[in-house]
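Undergrad: Pasting in a structure now, in structure tokens, and then I'll have a few things to ask.
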Amino acid sequence: MNGDHHVILRVVAKALIPIIALFGFYVHFHGEYSPGGGFQAGVILAVSIILYSLIFGIAPTMRAVTPGFARAVAAFGFLLYTGVGVVALIRGGNFLDYDALIRDEPGGHLGQHVGIIVIELGVLFAVAGSMVTIFYAFAGRVSEIRDEDW
Amino acid sequence: MVEFVLERGNYWAIIGLMMIGLYIAFAATNLIKRLVGLGLFQTSIILFYTSLSRISGGTAPILYGKDYKSSYEDKDSHGETAANGAEYAGEAATDAAYGYTNAGLENVYSNPLPHVLMLTAIVVGVATLAVGLAIIVRIREAYGTVESDEIREMDLQVALAEAQDEADELSLASGATRG
Amino acid sequence: MIEMLSSLVPDTVAAHAPALLVVVPMITAPIAAMMPNGRIAWFLSLLATAASLLMAVVILSQVRSIEGGAVLSYAMGGWAPPAGIEFRIDGLNAMVLLLVSIIGFLATIFSWPSVKAEIRDAKIAMFYSAYLVCFTGLCGVASTGDAFNLFVFLEISSIATYVLVALGAGQDRRALPAASHYLLLGTIGASLFVVGVGFLYAATGTLNMAELSVMLPQIPNNKAVMAGYAFIVVGLGIKAAMFPLHQWLPNAYAYSPSFVTTFLAATATKVAIYALVRFLFTVFGLEFVFEGSTLIWVLMPMGIAGMVACSFQAVFQTDVRRTLAYSSVAQVGYMLLGISLATAAGVSAGLFHLFNHAIIKGALFMALAGMVLSHQGTSLNDCRGMGRTAPWTMTAFAISGLSLIGVPLTAGFQSKFALVSALLDSGWWWGALIVVFTSVLAVIYMGRILEAVFFKAPVNPNKRRKEAPLMILIPLWILAISNIWIGVQSDFVFGLARDAAAMLILGGPQ
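Protein chains in written order, with this note's numbering: chain A, -1 to 148; chain B, 3 to 181; chain C, 313 to 822.
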């Protein structure tokens, strides 16, 4: 692929993609105090990968973030989410009872803080992984549609 | 009468969008257009829920100013458990839905619950759209078209051919038993 | 046996049974997706559904531990119910959960040979993952006590179902338009349902079903509640394949992989009917539904129209799977007819038929899956002579077929008898006549199939045909024998249905 036509695009994207990814994490970790959270952060993180593949091609992206890896990330995020619930179960609370995660002095909310951050982390992984997987499923398909059909 | 109509402008818009979406979903022959109609339909529902949560004079449901400070002081002084806090928030949401002002809060906030619900509905919608598009991609590969009437025509041909085959098979078999 | 099984489970686990029932398959789904080998994924799903079945048994014994039926409430995340999401389980939920998990477990056992033959090897692990997600969704619908949560679980199971139906494309490309049609109608149904829930929320400010049932009687003649009611009935009607809204069902059942057909036919519409019953009787309450809105003029005609029209359509099909699919819509009509009586006897007959029909259709489609495996076809011609070459498969098929007709000593007879006597009790003798008439239609369409199976010479004797493998035969015969068992000794299942109906009609949620 000849990149000469897209020099500006490539240069700007190279600078932008890490910032987008970083912003994704910012949205995630700031989500405890302000609008944000794992869902939005996951989408932003996935966008950085999708932007990369739009500019540099789908093949190099698939080498960097393999479809199997993306799917594993999605499954891992889901497991992380339910895992918090199961840990709470094992520690004697109800399913997803964050207070049971960490035994605190009465009135303390350490369990709530930790629980929601980990849960949202799970959401982040699940959303980012599945967004990239969906993108690959469509973009990575060998097209049978000829140009004149459009 | 005019006031009655104008006061409910958001609902008219929602009903309009909903009907347009439903009409496209049923009337379009192109499968992708059908999905677009479905998307419009679901979006109108999201608008419906979010307009339910609106409280006149309410801001985004994030505690600020005095409320923000007092919520922290409360915790320190009374040592409320989180569960109580949640119940309190739930009551506030219920009150808000009735149009009461938020009890014990300085500022007026919109009801956050419908927004949260719609976040889930958006995820459901995205998943449906992705599955629907994936199925349409497969249809395009299997049939070479995304027009539902053409697909129906092709299926009809196949079904007729199958029926013909079966009739042939049957007559062949009955001929064999007779012979 | 229930007591024995539930005594095996430690108390700490039993206390969390409502959550574990849903959580175990939910956790297993992503793990199964990651498995490199389809056989491991199958084994994991087997374990997960077995665990769910055990939990369903535990829940049942807990519900039945108190005279009149206990109501289990499980607060998710420890948030107290009206604000938080609760799983609320009474006699009705326990019965539906037992049904779904029994069918899920038996279907998983039988699935392996069938899935291996019909799905590409690389996709099997993902297939089982989608199946587990679908199972999770159905269990979730049957246990949640929160109206919006019910929508989410309904969509979880539906989206997985669209995928499963579309995977039939490996056998027949017509599975794809069927899946897309199902997706369109199913999504519209769920969306209408969620609009209805929105109206209820606007009117009451709560989403908890128990709370709704308390608050709705306080605001009679509220237009928002009425609009919500209409949206919810239509939305769930689409999901339950209520007569004029059933157009998605025949193609989806006819072209999906045979394992998927078995599972869906036995569970998906049943769970939607459960949700409908839950909303009609618990949330809106008897007075609102049947006196305020004269539902009797909607649900009952639709039920009867479905029974008659779809039985006729079933008679004229040449494909056995399509015959059974139309018959499924007709059977939904029986359930709706029973429910629309709004008497304890009528509702219990409807629920009893719901249970029996799941077992009947599960067995019938399982036998057909065995036929597809050995014979690659489900047309009437393919059936000819199967009785001689595959006697075990086809005998079980015949038992369930007779049960579908309603021959004495089978489950179908018991529930139809209960339905007819409930109809007569309410003075709807013409309804009873229609039930008998559609049973005659069932004799015709099942008779055609059974005649071809047992009394006709095979069309092409050279075609390879053999008995279904043991892994299909065992669950198939469990279902067939339970048909006879319920036919002879209906106390247990009918008792479940009667308790649930009594709770719905008389008690409400306590």
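We put the CB at the ideal spot given by N, CA and C, even for glycine.
Quick check: what's the CA-CA separation for MET706 (chain C) versus PHE447 (chain C)?
TA: Whole-angstrom Cα-Cα distance: 28 Å.
Undergrad: Alpha carbon to alpha carbon, how far is ILE817 (chain C) from ILE47 (chain B)? Give it in angstroms, no decimals.
TA: Rounded to whole angstroms, ILE47 (chain B) to ILE817 (chain C) spans 33 Å at the Cα level.
Undergrad: Identify whether TYR31 (chain A) lies in helix, strand or coil by the three-state DSSP scheme.
TA: Coil.
Undergrad: Say whether the stretch 661 to 672 of chain C touches the stretch 628 to 648 of chain C, bearing in mind that this needs 3 or more beta-carbon pairs closer than 8 Å, one atom from each stretch.
TA: Touching, per the Cβ criterion.
Undergrad: Mind checking GLY81 (chain B): buried by the 16 CB within 10 Å criterion, or exposed?
TA: Legend: pLDDT at GLY81 (chain B) = 40, less than 50; position of this residue unreliable, no value from coordinates given.
Undergrad: Could you confirm whether any beta carbon from chain B is found closer than 8 Å to the beta carbon of GLY138 (chain A)?
TA: Cβ-Cβ to chain B under 8 Å: no for GLY138 (chain A).
Undergrad: Determine which residues share a DSSP beta bridge with THR61 (chain B) and list them.
TA: Looking at the DSSP assignment, THR61 (chain B) forms a beta bridge with B:TYR111.
Undergrad: Per DSSP, what kind of secondary structure is SER570 (chain C) in: helix, strand or coil?
TA: Three-state DSSP puts SER570 (chain C) in a helix.
Undergrad: Roughly how many whole angstroms lie between the Cα atoms of ALA73 (chain A) and VAL9 (chain A)?
TA: So the two alpha carbons sit approximately 33 Å from each other.
Undergrad: Given that LEU488 (chain C) touches chain B, what residues does it touch there, using C-beta distances under 7 Å?
TA: Result: ILE137, ARG140, ILE141, ALA144.
Undergrad: Along the alpha helix (DSSP H) that carries LEU685 (chain C), what are the first and last residues, could you check?
TA: LEU685 (chain C) -> alpha helix (DSSP H) spans 656 to 687.
Undergrad: What does GLY134 (chain B) reach in chain C if we use C-beta pairs closer than 7 Å?
TA: SER492, LEU495, listed in chain order.
Undergrad: Within the 8 Å Cβ cut-off, does ILE64 (chain B) reach chain A?
TA: Yes, ILE64 (chain B) lies at the interface with chain A (some Cβ there is under 8 Å from its Cβ).
Undergrad: My output table needs one value for ASP631 (chain C): the three-state DSSP class, helix, strand or coil.
TA: Strand.
Undergrad: Identify the contact partners of ASN693 (chain C) in chain B, using a Cβ-Cβ distance below 7 Å as the criterion.
TA: GLU168, GLU171, LEU172, listed in chain order.
Undergrad: Less than 7 Å separating the Cβ of PRO489 (chain C) from some heavy atom of the ligand COA?
TA: Inclusion of the ligand COA in the displayed structure is not the case, the ligand content being empty and no account of it being possible.
Undergrad: Looking at the C-beta of SER32 (chain A), does it have a partner C-beta in chain B at a distance below 8 Å?
TA: Yes, because at least one Cβ of chain B sits closer than 8 Å to the Cβ of SER32 (chain A).
Undergrad: DSSP three-state label for LEU384 (chain C), please.
TA: In this structure, LEU384 (chain C) counts as strand in the three-state DSSP scheme.
Undergrad: Using a cut-off of 9 Å between C-beta atoms, extract the partners of ARG36 (chain B) located in chain C.
TA: Residues of chain C passing the Cβ test: SER492, LEU496.
Undergrad: Count the other C-beta atoms from every protein chain shown that fall within 10 angstroms of the C-beta of VAL25 (chain A), then say buried if there are 16 or more, exposed otherwise.
TA: Buried.
Undergrad: Measuring CB to CB, does PRO569 (chain C) end up less than 8 Å from ARG634 (chain C)?
TA: In this structure, ARG634 (chain C) does not lie closer than 8 Å to PRO569 (chain C) by Cβ.
Undergrad: With 16 other CB atoms within 10 Å as the buried threshold, where does THR150 (chain A) fall?
TA: There is no way to answer for residue 150 (chain A), as the model of chain A reaches only from -1 to 148.
Undergrad: CB ALA577 (chain C) to CB ALA813 (chain C), shorter than 8 Å?
TA: Not in contact: ALA577 (chain C) and ALA813 (chain C) (Cβ atoms no closer than 8 Å).
Undergrad: In chain C, which residues lie less than 9 Å from ASP151 (chain B) when you measure between Cβ atoms?
TA: Going along chain C, no residue has its Cβ under 9 Å from ASP151 (chain B), so there is no contact; the nearest lies around 11 Å.
Undergrad: Is SER623 (chain C) closer than 8 Å to ALA754 (chain C) when the C-beta atoms are compared?
TA: The answer is yes: Cβ separation under 8 Å.
Undergrad: Buried or exposed: which applies to TYR541 (chain C), given that a residue is buried once 16 or more other Cβ atoms fall within 10 Å of its Cβ?
TA: Per the 10 Å Cβ criterion, buried.
Undergrad: If you count every other CB in all the chains shown that lies within 10 Å of the CB of ARG400 (chain C), and 16 or more means buried, which is it?
TA: It is buried - the Cβ of ARG400 (chain C) has at least 16 other Cβ atoms within 10 Å.
Undergrad: Mind checking if PHE767 (chain C) is an interface residue toward chain B, Cβ cutoff 8 Å exclusive?
TA: So no, PHE767 (chain C) is outside the interface.
Undergrad: Once you ignore the five residues that flank ALA642 (chain C) on each side, which residues in its own chain have a CB closer than 7 Å to its CB?
TA: So the qualifying residues of the chain are GLY618, MET619, CYS622, SER623, ALA626, THR750.
Undergrad: Count the other CB atoms within 10 Å of the CB of SER79 (chain B); is the residue buried (16 or more) or exposed (fewer)?
TA: Because SER79 (chain B) carries a pLDDT of 41, less than 50, the predicted location of this residue cannot be relied on, and the following value inherits that uncertainty. Result: exposed.
Undergrad: Are there 16 or more other CB atoms within 10 angstroms of the CB of PRO322 (chain C), so buried, or fewer, so exposed?
TA: The residue is exposed, with fewer than 16 neighbouring Cβ atoms inside 10 Å.
Undergrad: Whole-angstrom Cβ separation of ALA140 (chain B) and ALA387 (chain C), contact assumed at under 8 Å?
TA: First, the residue type needs correcting, since residue 140 (chain B) is Arg and not Ala in the sequence shown. Rounded, the Cβ-Cβ distance is 42 Å, inconsistent with contact.
Undergrad: Using the beta-carbon of each residue, which ones in chain C are nearer than 7 Å to TYR51 (chain B)?
TA: Within 7 Å Cβ-Cβ: GLY510.
Undergrad: Is any beta-carbon of chain C found at less than 8 Å from that of LEU108 (chain A)?
TA: Answer no: the Cβ-Cβ gap between LEU108 (chain A) and chain C never drops below 8 Å.
Undergrad: If you measure beta-carbon to beta-carbon, which residues of the stretch 388 to 399 of chain C are closer than 7 Å to chain A?
TA: Residues MET388, GLY389, GLY390.
Undergrad: Who are the near neighbours of ILE421 (chain C) in its chain, counting only those whose CB is closer than 6 Å to its CB and skipping five residues on each side?
TA: Excluding sequence neighbours, ILE421 (chain C) sits near PRO787.
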